[in-house]
Structure formats: structure tokens, C-alpha cells
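Undergrad: Chains A and B, in that order, give the protein sequences.
Each residue of the first sequence is one higher than the last, beginning at 1 in the numbering used here.
Each residue of the second sequence is one higher than the last, beginning at 1 in the numbering used here.
Ideal placement from N, C-alpha and C gives every residue a C-beta, glycine not left out.
This is the structure, below, for whatever I ask next.
Protein chains: 2
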Amino acid sequence: MYLRAFSMLKNANQDTISSSELAERLHLNPPQIRKDLSYFGAFGTRGVGYPVASTAKQIRGILKLDVTQKAALVGAGRLGAAIAAYPGFEMFGFDIAAIFDNDESKIGTIIGKNTIEDIAKISIIEDRDIHLAILAVPGEAAQSVVDMLVNCRIKGILNLSPCYLEVPKRIKVITIDLAMELGILPYYM
Amino acid sequence: MYLRAFSMLKNANQDTISSSELAERLHLNPPQIRKDLSYFGAFGTRGVGYPVASTAKQIRGILKLDVTQKAALVGAGRLGAAIAAYPGFEMFGFDIAAIFDNDESKIGTIIGKNTIEDIAKISIIEDRDIHLAILAVPGEAAQSVVDMLVNCRIKGILNLSPCYLEVPKRIKVITIDLAMELGILPYYM
């Protein structure tokens with residue numbers, strides 16, 4: 001969240017930011033921000049604030065996002081196509097380096113810089129040094145695709161299918177369920 | 001997260017679940033689960049577990065999801081179309097009751113049960129008793145659309161544009177940045 005905020009400030013050509021300005025943006029309080037950023041080894045200057053570019057760089061390093069991370073997108077349906085066009089990945093150093101689908105009418109067609117490849121050939125991600133996958137397949141297909149990914153020595157999966165996935169403990173899965181996020185709102189209304 | 005788990009168990013026709021089985025699914029520990037569920041007023045039976053249907057109903061009530069919540073989708077591009085087709089909303093009691101766009105070639109066309117309406121007429125959501133919006137517009141358009149929504153007495157916004165939104169304090173905003181979520185994974189690799 002901090003990296004996102006600092007990256008956006010950098011894109012807006014802002015050089016420094018105070019903890020109180022950052023607090024307002026992130027809906028946190030200034031002491032919390034100073035405490036968090038000090039854990040990252042970032043220290044602000046009184047009356048000036050935190051240097052935007054170097055703090056972003058520091059957090060990027062901690063998160064291992066200072067090198068380009070290649071990711072494979074599995075599923076080139078509506079959601080997959082939207083993800084392939086998502087403008088935010090670059091900010092975090094991600095490169096959608098391959099796209100797979102099982103639909104013959106889609107295989108061979110081009111999305112952005114990628115040609116959609118046959119999911120039957122997904123094991124090539126290992127040769128291409130891709131260790132992250134973004135899963136945008138229908139719920140009923142998700143587990144079988146995940147089983148394929150597990151065999152390709154994948155290390156992390158961003159799961160956008162609203163379903164529960166079984167994976168070995170060595171693999172980190174983050175599931176985003178849009179409906180669950182929306183479900184938080186009525187409580188505050 | 002608990003509601004999501006219990007709803008999925010209900011869909012799978014499972015009647016009860018133990019805290020240890022739930023712990024495995026949710027990557028939490030059983031005491032934490034027992035503690036959380038007791039806050040919700042849900043108590044399991046030793047050797048049997050928690051009743052799936054009634055616990056789901058209880059959590060639904062706490063979250064104010066026991067009545068259908070109408071939501072307006074703003075933006076009918078690739079991401080918007082994917083959201084309109086997202087199967088998970090029903091589980092949480094949501095009804096995508098209106099879709100808006102500013103693209104004349106899209107206005108009047110149909111997605112699911114909705115006809116895409118002109119964003120210039122967005123103030124009708126107030127008459128239709130819609131107080132939630134899902135924002136799937138390009139980043140550069142997001143703030144101006146949000147300003148419109150604020151004038152329509154919206155109460156909550158699920159923001160899928162990778163940008164910072166300024167809203168009055170009375171409005172709850174949840175931002176999902178897919179790249180930020182993906183950004184968590186390399187740290188664990």
C-alpha cells in the first residue's frame with residue numbers, strides 16, 4: 001500500500017511527502033505511518049517529509065520488486081483480457097510474459113505483446129523462468145489448472161476465481177473475490 | 001472471509017464444519033476461528049462443529065447482507081463486462097441493478113439483464129434506491145465519475161481503478177488494485 005502510494009506520488013512528480021499528507025491519503029494516522037516507514041528504514045526530515053523516489057525504491061527492494069517479475073496469465077476470457085490490459089502492473093515491476101487458454105479460437109491470437117498459447121503447453125513457463133501466475137479461469141476449471149501450475153514449480157498464484165484452491169504449502173496463494181470486497185461496504189452504510 | 005467460506009460450504013451441501021477443518025481452508029488456527037465465530041454469536045458443538053447454514057445466516061445479518069443490496073456498475077469496458085458476468089455477487093446478496101458508460105456505441109446495448117445507460121443520467125440511481133457503486137473506468141476518468149456519484153448520495157464505492165479517490169468522509173471506498181495484490185507474492189518466493 002505504501003509502495004503504491006509512493007509510486008503514484010513519483011508519477012505525479014512529487015519529491016517529498018509529509019506523514020500527515022500520507023496519513024490523509026491512506027486513511028491512517030501519522031504516528032502509524034512514521035512507525036511503519038521506520039521499520040522499512042525510511043526516515044523523514046522534520047518540516048520536509050519523506051523523499052518519494054528513494055522511499056519507493058527502499059520498499060521495492062524489501063518486497064523483492066526491484067527486479068522485473070515475470071507472470072503468466074491463465075485464462076484469456078473477459079476477465080483475463082481486462083487483466084492483460086490493466087495499467088497498474090508496471091508500477092510494481094511486473095511483466096505479463098505469457099498468456100494461456102484452452103479455447104482453440106483464442107489460441108494464436110494476440111493480446112498486447114503476447115500471443116495466446118495452448119494451456120496444454122503450460123509447462124514451458126518453467127523454461128521461461130516464470131514463477132508467478134494470475135488465474136482468471138472459471139471456478140470449475142480453477143483446481144485442475146492449479147494442479148498443472150503446481151507441476152510447473154510455480155511459487156505464487158494470484159487467484160481471481162471465486163473458489164477455494166488446494167496447493168502445497170510451499171506455494172503462496174492470494175485470492176481476490178470482488179464480491180467479498182463489495183460485501184464489506186453495506187456494514188458501513 | 002468467514003461468510004464466503006460458509007456460503008461455499010452451503011453450496012457444496014455440507015451441513016457442519018469443525019474449527020480445524022475451517023482453519024485449514026482459511027489458513028488460520030482453530031483457536032482464532034473459535035474466538036472470531038464466538039464474537040459473531042456462533043458456537044460450535046464439540047465433535048460436530050459449526051452448523052453451516054445458520055452460521056452463514058448469522059454473519060450475513062451482522063454484515064447487513066441479509067437483504068438484497070443493489071449496486072450500480074460504472075464502466076462497461078473489458079473489466080466492467082467481466083464484473084457484470086462475475087458469478088460471486090449473488091452469494092453475498094448483491095444485485096447489479098444498473099450499468100452506466102459514456103461510450104455511445106455501448107449505451108443501449110445489453111449485458112446480462114441490464115441495458116447500458118448513459119452516464120449523464122447517473123442521478124437516476126438515487127430514485128432507484130441504489131447506494132453502492134462499482135467503479136471500472138479508466139484511471140483518468142475515475143475522480144470525475146466519483147464526483148458524480150457523490151452527488152447521487154452514494155454510500156459505498158468499490159474502486160477497481162488503480163488510483164486515489166477523494167470523497168467525503170461519509171462515503172466508504174474500498175480500492176482493489178490487482179497489481180498491488182500480485183506485488184505481495186514475490187516477498188514469499
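Assess contact between the stretch 72–84 of chain B and the stretch 114–133 of chain B, defined as three or more Cβ pairs (one per stretch) separated by less than 8 Å. Is contact present?
TA: yes
Undergrad: Closest to I99 of chain A by CA distance: which of A:K70, A:G93, A:E90 and A:G88 is it?
TA: A:K70
Undergrad: Nearest CA to the CA of L185 of chain A: which residue from B:G80, B:E166 and B:G93?
TA: B:G93
Undergrad: Taking T115 of chain A as part of the beta strand (DSSP E), name the residues at either end of that continuous run.
TA: According to the DSSP assignment, T115 of chain A belongs to the beta strand (DSSP E) that extends over N114 to D118.
Undergrad: At a Cβ cut of 7 Å, what residues of the stretch 82–106 of chain A count as close to chain B, listed as they run along the chain?
TA: A82, I83, A85, Y86, P87, G88, F89, M91, F92 and F94
Undergrad: Provide the residue(s) that pair with P51 of chain A in DSSP beta bridges, ordered along the chain.
TA: A:T16
Undergrad: Give the interface partners of K64 of chain B over in chain A, defined as CB-CB distance under 8 Å, in chain order.
TA: Within 8 Å Cβ-Cβ: P186, Y187 and M189.
Undergrad: Can you confirm whether the stretch 170–178 of chain A touches the stretch 144–155 of chain B when touching is taken to mean that 3 or more C-beta pairs between the two stretches lie within less than 8 Å?
TA: These segments do not touch.
Undergrad: Got a sec, what are the start and stop residues for the alpha helix (DSSP H) G93 of chain B sits in?
TA: Note, G93 of chain B: premise wrong, no alpha helix (DSSP H); not H, not E.
Undergrad: Check each candidate in A:H131, A:L182, A:A12 and A:R25 and name the one with the smallest Cα separation from I171 of chain A.
TA: Residue nearest to I171 of chain A within the set A:H131, A:L182, A:A12 and A:R25 is A:H131 (criterion: CA-CA distance).
Undergrad: For I174 of chain A, go through chain B and note every residue whose CB falls closer than 8 Å to its CB, in chain order.
TA: E181, L182, I184 and L185
Undergrad: Of the residues A:Y2, A:M91, A:Y39 and A:T45, which one's Cα is nearest the Cα of H27 of chain A?
TA: A:Y2
Undergrad: For N29 of chain B, which residues in the same chain have their Cβ closer than 8 Å to its Cβ, ignoring the five residues on either side in sequence?
TA: A23
Undergrad: Report yes if the CB atom of A82 of chain B is closer than 8 Å to the CB atom of L63 of chain A, and no otherwise.
TA: no
Undergrad: In the DSSP assignment, the beta strand (DSSP E) including I174 of chain B goes from what residue to what residue?
TA: K172 to T175
Undergrad: Would you call the CB atoms of A85 of chain A and G112 of chain A closer than 8 Å?
TA: yes
Undergrad: Determine the burial state of T45 of chain A: buried for a count of at least 16 other Cβ atoms within 10 Å of its Cβ, exposed for fewer.
TA: exposed
Undergrad: Do F40 of chain A and Q14 of chain A have their C-beta atoms closer together than 8 Å?
TA: no
Undergrad: Tell me the rounded alpha-carbon separation between A142 of chain A and A133 of chain A.
TA: 12 Å
Undergrad: Can you grab the Cα-Cα spacing for the pair S20 of chain A / R34 of chain A, in whole Å?
TA: 9 Å
Undergrad: Step through the CB atoms of chain A and report whether any lies within less than 8 Å of the CB of L78 of chain B.
TA: The question names Leu, yet the displayed sequence has Arg at residue 78 of chain B. For R78 of chain B, the answer is yes, since a Cβ of chain A falls inside 8 Å of its Cβ.
Undergrad: Would you grab the beta carbon distance between K10 of chain A and A42 of chain A for me? Rounded to a whole angstrom, and I think it's under 8 Å.
TA: That pair is no contact at about 14 Å.
Undergrad: Going by DSSP in three states, V137 of chain A sits in which element: helix, strand or coil?
TA: V137 of chain A falls in the coil class under three-state DSSP.
Undergrad: Buried or exposed: where does D101 of chain A fall if 16 or more other Cβ atoms within 10 Å of its Cβ makes it buried?
TA: With 16 or more other Cβ atoms within 10 Å, it is buried.
Undergrad: Please list, in chain order, the chain A residues whose beta carbon lies closer than 8 Å to that of D177 of chain B.
TA: R4 and G88
Undergrad: Let me know if P162 of chain A comes out buried or exposed under the rule of 16 or more other beta-carbons within 10 Å of its beta-carbon.
TA: With 16 or more Cβ atoms within 10 Å of its Cβ, P162 of chain A is classed as buried.
Undergrad: With H, G and I counted as helix, E and B as strand and the rest as coil, what does DSSP make of A56 of chain B?
TA: helix
Undergrad: Give a yes or no on whether the minimum CB-CB distance between R153 of chain B and chain A is below 8 Å.
TA: no
Undergrad: According to DSSP, which residues form a beta bridge with D101 of chain A?
TA: D101 of chain A has A:D118 as its beta-bridge partners, per DSSP.
Undergrad: Tell me which same chain residues have a C-beta within less than 7 Å of the C-beta of A5 of chain A, skipping the five on either side of it?
TA: L22, R25 and L26
Undergrad: Within 10 angstroms of the Cβ of I125 of chain B, are there 16 or more other Cβ atoms? Answer buried if so, exposed if not.
TA: buried
Undergrad: In whole angstroms, what is the alpha-carbon distance linking F89 of chain B and D95 of chain B?
TA: 7 Å
Undergrad: Can you confirm whether P162 of chain B, when its beta carbon is compared against all beta carbons of chain A, has any partner nearer than 8 Å?
TA: yes
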